[in-house]
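Student: I have a structure I would like to understand better, so I am pasting it below and will then ask my questions one at a time.
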Amino acid sequence: MGAVVEALDGLRRTAQHAATRTSVVTLVVVAPDEARANRAADAVKRLAGRHPGRTVVVVCRPGAGAGLDADVLLHANEAEGRRVWSEDVRLWVSGPLGQHLDSLVEPLTLPDLPVVVWFAGAPPGPAEPLLAAADAVVVDTKEPAEAHLAAAAALDQRHTVLDLAWIRLRPWRTTLAGLFDVPTVRPFLGTVTGATVRGKPGARLLLGGWLVSRLGLPASAVTTEQARHAGIVLEAGDADRRALVTVVRTGDERVVRGRAEIGGRAVAEDRRALADDSMAWSLAEALTHLRRDRAHAEALQAALVLAASP
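Using the numbering used here, the final residue of the sequence shown is 310, and nothing's skipped along the way.
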């Protein structure tokens with residue numbers, strides 16, 4: 001690891017115009033294979049101008065003999081008309097060394113800056129040594145749903161967990177909340193009788209858990225269905241006056257559309273554009289807000305109840 005640090009310092013010394021560090025974070029990415037390591041590295045590269053820093057991507061090879069290989073790269077980006085520098089380190093860790101990532105990564109962290117650890121595969125168990133060095137932990141509960149949700153919920157008991165799946169679902173959540181801000185729709189907020197939540201496994205369980213936790217619904221009132229895109233349908237009211245509130249994305253549109261109907265007549269509509277690059281966008285949002293989200297924690301717990309419901 002000393003040789004890796006020396007190589008980084010050498011790059012800075014020989015870089016044209018002497019590279020001045022402009023780091024705001026140390027991001028450690030732990031990936032179970034090369035494909036996921038590359039996807040994570042590409043997302044980081046696309047937001048380097050907004051969050052310059054040192055990125056350490058660790059690819060674990062548990063089945064191989066003990067070994068360590070590394071590549072280092074220094075690159076420049078433009079941000080608001082000025083040049084900012086970022087450092088990339090790729091480590092290939094083989095065999096039992098993968099059980100000691102904390103001691104391997106520690107020499108590469110930058111002093112006085114937050115350390116964020118992103119597990120690009122399954123969320124780790126609470127005994128993962130690398131967690132002790134992390135100010136925040138990034139996970140993605142997209143799928144497989146129940147196992148990842150349970151692991152993320154366990155992590156959330158001890159660490160600041162930033163869930164990329166939860167962040168990507170923000171347009172659906174804010175659109176739904178905005179519809180209930182309309183004066184004619186707001187009275188129905190306390191009369192929701194049922195919800196149908198569609199989407200991929202992680203998305204639909206997270207959204208369903210959010211509805212259960214925020215609206216006080218029983219898990220039996222929420223139905224989940226497989227679909228390409230996330231969607232929410234709420235039914236509210238009584239026998240005399242009914243409301244239907246929907247938030248959906250259709251086809252290849254990068255737009256979330258919300259609509260509220262009372263007695264079959266539309267009374268409110270809303271639309272929100274989605275980011276063109278959801279991975280880079282959600283990662284940037286996670287790195288911008290390094291704090292625990294209580295609504296996410298409650299949604300996780302409710303999602304686990306929902307997943308266990310018949």
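All residues carry an ideal CB built from backbone N, CA and C; glycine is no exception.
It should be emphasised that the depicted structure is a prediction, and the values quoted were computed from it without experimental measurement.
If you follow the alpha helix (DSSP H) that Leu-211 is in, where does it begin and where does it stop?
Tutor: Start at 1 with the first residue of the sequence shown, and residue 211 comes out as number 211. Its alpha helix (DSSP H) spans residues 201-215.
Student: Comparing C-alpha positions only, which one of Ile-232, Ser-213 and Arg-170 sits nearest to Val-197?
Tutor: If you number the sequence shown from 1, residue 197 lands on position 197. Ranking the options by Cα distance to Val-197, first place goes to Ile-232.
Student: Determine the direct distance from the alpha carbon of Ala-154 to that of Gly-125, and round the result to whole angstroms.
Tutor: Position 125 of the sequence shown, counted from the start, is the residue given in the question as residue 125. Position 154 of the sequence shown, counted from the start, is the residue given in the question as residue 154. Cα to Cα, Gly-125 sits roughly 8 Å from Ala-154.
Student: Measuring alpha carbon to alpha carbon, tell me which of Arg-61, Ala-273 and Ala-303 ends up nearest Thr-175.
Tutor: Here residue 175 refers to the residue found at position 175 of the sequence shown. Of the listed residues, the one whose Cα sits closest to Thr-175 is Ala-273.
Student: Between the segment 155-167 and the segment 281-300, can you find at least three pairs of beta-carbon atoms closer than 8 Å?
Tutor: The segment 281-300, when compared against the segment 155-167, does touch it at the 8 Å Cβ threshold.
Student: Taking the C-alpha atoms as reference points, what is the distance between Ala-66 and Ser-94?
Tutor: As a first step, residue 66 is located in the sequence shown; it is residue number 66 there, counting from the start. As a first step, residue 94 is located in the sequence shown; it is residue number 94 there, counting from the start. Near 5 Å, if we compare the C-alpha coordinates of Ser-94 and Ala-66.
Student: Excluding the 5 residues preceding and the 5 following His-229 in the sequence, name in chain order all residues of the same chain whose CB lies nearer than 8 Å to its CB.
Tutor: Walking along the sequence shown from the start, residue 229 turns up at place 229. Counting only Cβ-Cβ distances below 8 Å, and skipping sequence neighbours, we find Arg-198, Gly-199, Val-248, Arg-249 and Thr-250.
Student: With Arg-36 and Ala-127 assumed to form a contact (beta carbons below 8 Å), what rounded beta-carbon distance in angstroms separates them?
Tutor: Reading the sequence shown from its first residue, position 36 is the one you call residue 36. Reading the sequence shown from its first residue, position 127 is the one you call residue 127. Actually they are not in contact, since the Cβ atoms of Arg-36 and Ala-127 sit about 22 Å apart, beyond 8 Å.
Student: I'd like to confirm the pairing. Which residues does DSSP put opposite Val-89 in its beta bridges?
Tutor: For the purposes of this step, residue 89 is taken as residue 89 along the sequence shown, with counting starting at 1. BP columns for Val-89 point to Val-56 and Val-72.
Student: Mind checking Gly-202: buried by the 16 CB within 10 Å criterion, or exposed?
Tutor: Looking up residue 202 in the sequence shown gives position 202. Gly-202 is buried by the Cβ-count criterion.
Student: Tell me, please, whether the segment 202-213 touches the segment 138-150 by the rule of three or more beta-carbon pairs shorter than 8 Å.
Tutor: Output reads yes: the segment 138-150 touches the segment 202-213.
Student: Between which two residues does the beta strand (DSSP E) containing Glu-34 stretch?
Tutor: Counted from its first residue, the sequence shown places residue 34 at position 34. Note, Glu-34: premise wrong, no beta strand (DSSP E); alpha helix (DSSP H) at 34-46.
Student: Assuming the contact rule is C-beta atoms closer than 8 Å, Leu-11 and Leu-74 should be a hit. Round their C-beta distance to whole Å, please.
Tutor: On the sequence shown, position 11 is the one that residue 11 refers to. On the sequence shown, position 74 is the one that residue 74 refers to. At roughly 4 Å, the Cβ-Cβ gap stays under 8 Å, so Leu-11 and Leu-74 are in contact.
Student: With H, G and I counted as helix, E and B as strand and the rest as coil, what does DSSP make of Ala-19?
Tutor: Taking the sequence shown and counting its residues from 1, the one referred to as residue 19 is at position 19. Confidence is the limiting factor: at Ala-19 the pLDDT is only 47, short of 50, which leaves the residue's position unreliable and the question unanswerable from this model.
Student: For Leu-8, tell me which candidate among Pro-114, Asp-88, Trp-210 and Ala-299 has the shortest Cα-Cα distance.
Tutor: Your numbering for residue 8 matches position 8 in the sequence shown. Nearest C-alpha to Leu-8: Asp-88.
Student: According to the neighbour-count rule (16 or more other Cβ atoms, all chains shown, within 10 Å of its Cβ), is Asp-156 buried or exposed?
Tutor: By one-based count along the sequence shown, residue 156 stands at place 156. Buried, since its Cβ has 16 or more Cβ neighbours within 10 Å.
Student: Can you tell me whether Leu-155 is helix, strand or coil according to DSSP?
Tutor: By 1-based counting over the sequence shown, the position of residue 155 is 155. Leu-155: helix per DSSP, three-state reduction.
Student: By the DSSP assignment, the beta strand (DSSP E) with Phe-119 in it spans what residues?
Tutor: In the sequence shown, counting from the first residue as 1, residue 119 sits at position 119. 115-119 is the span of the beta strand (DSSP E), which, as asked, contains Phe-119.
Student: For Glu-253, does the three-state DSSP call read helix, strand or coil?
Tutor: Stepping through the sequence shown from its first residue, residue 253 is reached at position 253. Coil, per DSSP.
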